[in-house]
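To keep things clear, I will list the structure first and then write my remarks on it.
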Amino acid sequence: MSSGAGGLEATIALRRGELEIDVELACPPGVTCVMGPSGSGKSTILAVIAGLARPDRGRVVLGGEVWLDLERSIEVAVHARRLSYMFQGLALFPHMTALANVEYGMHDLPRAERTPRARALLERLGVAHLAHRRPRTFSGGEAQRVALARAIARRPRLVLLDEPFSALDRELRVQLITLVRELVAELGVPLVHVTHSVAEARQLADQVIRIERGEIVARGAPAEVLAGVTALDD
Amino acid sequence: MNWAPLLLSLKVAVLAMVLALVAGTALAVVLDWRRLPGRELFYSIVVAPMILPPTVLGYYLLVALGTESALGRAWESVTGSTIVFSFTGAVIAAAVGSLPLVVRSVRIGLESVDPNLKNAARTLGAGPVRVLFTVVLPLAAPAIFAGAMLAFARSLGDYGITQMVAGQMIDGTETASIHVMNALYGGREEEARNMSIATTIVGVTLLYASNVVLHRFSKGVHV
């Protein structure tokens, strides 16, 4: 399953009204949790890395492949960056079944391979019974699992998670975090996870980056960066 | 009762609806592009037929499609017949009159699609065309369908533009609305009444049926 891609390096400078971001990130394969209070620019950073937002100055490189370099007028289109992005609201396509949602990102695979692969992923995530159902019938936890299957099915070289587990209860969250760790380890790619939860970061992260008012204030292993921290100020 | 005017009106309305639906959806998609220069001015021009008097719109169409126009001459050299004062003219007249209704309806539908769904599709490797056809248009389908039904209803009842562009008779037949007017002024009140009632029954029945379909369709699409 491994599609190992090397690390992510990103330099982002952006000013939008009150928000001012000036950061340099280095995220090796494994899990990097980006933490900070609301409005500190975490989601905007993910959007720039994905190509959904344009910074004033910036450079985004994944495993030596330049996705964005405004100085050199390089800007790879969103759909050509091989990444997966799990949005806070999950953004499952409401008019498609779970199976069709998971197959959506497998467009480059031969048609005959898509369905068995998508079914296998749904099976692994414990939601095979939802294959022919539409998202409106899913529970919160089921929707998260289908969204996760869709994110992984694309065989991404980078995974971006924008607080996708925030609405879940603790038990479900722990289950999913364990699953994410497993899947990312198999893929061997960087995962950048925006979260408010200190517990989630401790469980999941290889590296924690703390951001305040658009600037990095601490980075390192969870044990160092989160020593003595129980909750983030909002 | 002479059913020919009503059948002609239904034929014109169906074809005008298809024409307005294709052109209106394409225009609404272009207008949905936020970086389009002069977007709101373009939109105002596209929906202007809604507020222009039918005679003014009919005049523009006569100038644009008449035998003196480049388009009219080209059409005549290819088909051997004119656009104006023909069945084709009646369809185009009704389509232009109903185009704003489709554009408005589809535009609202496109704007109601959650931007995160479009972004999700893009991050899953879909280019702009695939996003449009697999996510945006299917999710806007109820609004597109509603626009089509409005176009059909508007075309079925068109009088002014059709009379200006296609004349009183099309292949020896009047449309239902022209037939009502001619019967009334010709002292054939019973004919006018029968055609009015028949047109109303057909129009209301089709709109009711489409609303039922739309209701079921919407429930299937929206979460």
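Quick note, the sequences are listed as chains A and B, same order.
Residues in the first sequence are numbered consecutively from 6, following our numbering.
Residues in the second sequence are numbered consecutively from 18, following our numbering.
Ideal Cβ placement from N, Cα and C applies to all residues, glycine included.
Since we're looking at a predicted model, the values are computed, not measured.
| Asked | Found |
| --- | --- |
| C-beta neighbour in chain B for A/S89, strict 8 angstroms | yes |
| Exposure label - A/R175; buried when at least 16 CB within 10 Å | exposed |
| 8 angstroms Cβ cutoff met for A/T120 and A/L104 | yes |
| Contact belief for A/R87 with A/P169 at Cβ below 8 angstroms, rounded distance in angstroms | With a Cβ gap of about 19 angstroms, A/R87 and A/P169 do not count as contacting. |
| Chain A within 8 angstroms of B/R139, Cβ atoms only | yes |
| Bridge-paired residues (DSSP) for A/I216 | A/I221 |
| Separation of B/L44 from B/L149, as counted between CA atoms | 13 angstroms |
| Candidates B/I218, B/V221, B/G174 and B/V182: closest to B/M198 by CA position | B/G174 |
| contact_flag[the region 47 to 65 of chain B, the region 108 to 117 of chain B] where n(CB pairs < 8 angstroms) is 3 or more | yes |
| Chain A contact residues for B/A111, given Cβ-Cβ distances below 8 angstroms | Near B/A111 there are no residues of chain A at all, since even the closest Cβ is about 31 angstroms away, more than 8 angstroms. |
| Own chain, CB closer than 6 angstroms to A/V222, minus 5 neighbours either side, in chain order | R215 |
| Sequence-distant residues of the same chain with beta carbon closer than 7 angstroms to A/L188, five excluded per side | I157 |
| Proximal residues to B/L38 (C-beta, below 8 angstroms), its chain only, five neighbours per side dropped | V119, I161, G164, A165 and A168 |
| Buried or exposed (CB count within 10 angstroms, at least 16 for buried), A/E229 | exposed |
| Length of the line joining the Cα atoms of A/T200 and A/L57 | 19 angstroms |
| DSSP-derived helix/strand/coil call for A/D113 | coil |
| Where B/L82 falls, given that 16 or more other Cβ within 10 Å makes a residue buried | buried |
| Other residues of its chain near A/R207: CB distance less than 7 angstroms, five sequence neighbours each side excluded | P227 and L231 |
| 8 angstroms Cβ cutoff, A/G44 in contact with chain B | no |
| Against chain B: residues of the region 64 to 96 of chain A by CB proximity under 7 angstroms | V83, H84, L88, S89, Y90, F92, G94 and A96 |
| Whole-Å CB distance - B/I187 paired with B/S103, under 8 angstroms assumed | 7 angstroms |
| Contacts around A/P99, its chain only, beta-carbon distance under 8 angstroms, and the 5 residues preceding and following it disregarded | R139, P140 and R141 |
| One or two residues paired with A/G63 in a DSSP bridge | A/I17 |
| Any C-beta of chain A under 8 angstroms from that of B/V152 | yes |
| Span separating the alpha-carbon of B/W20 from that of A/A96 | 52 angstroms |
| Nearest-angstrom Cα separation, counted from A/V107 out to A/A152 | 8 angstroms |
| B/W92, DSSP secondary structure in three states | helix |
| Against chain B: residues of the region 97 to 109 of chain A by CB proximity under 7 angstroms | F98, P99, H100 and Y109 |
| Coarse secondary structure for B/I178, derived from DSSP in three states | helix |
| Under 7 angstroms from the C-beta of B/N133: neighbouring residues of chain A | F92, G94 and A96 |
| Cβ separation of B/A183 and B/A107, assumed to be a contact under 8 angstroms, to the nearest whole Å | 4 angstroms |
| Three-state secondary structure assigned by DSSP to B/M198 | helix |
| Backbone secondary structure at A/V36 - three-state DSSP | strand |
| Test: A/R21 CB closer than 8 angstroms to a CB of chain B | no |
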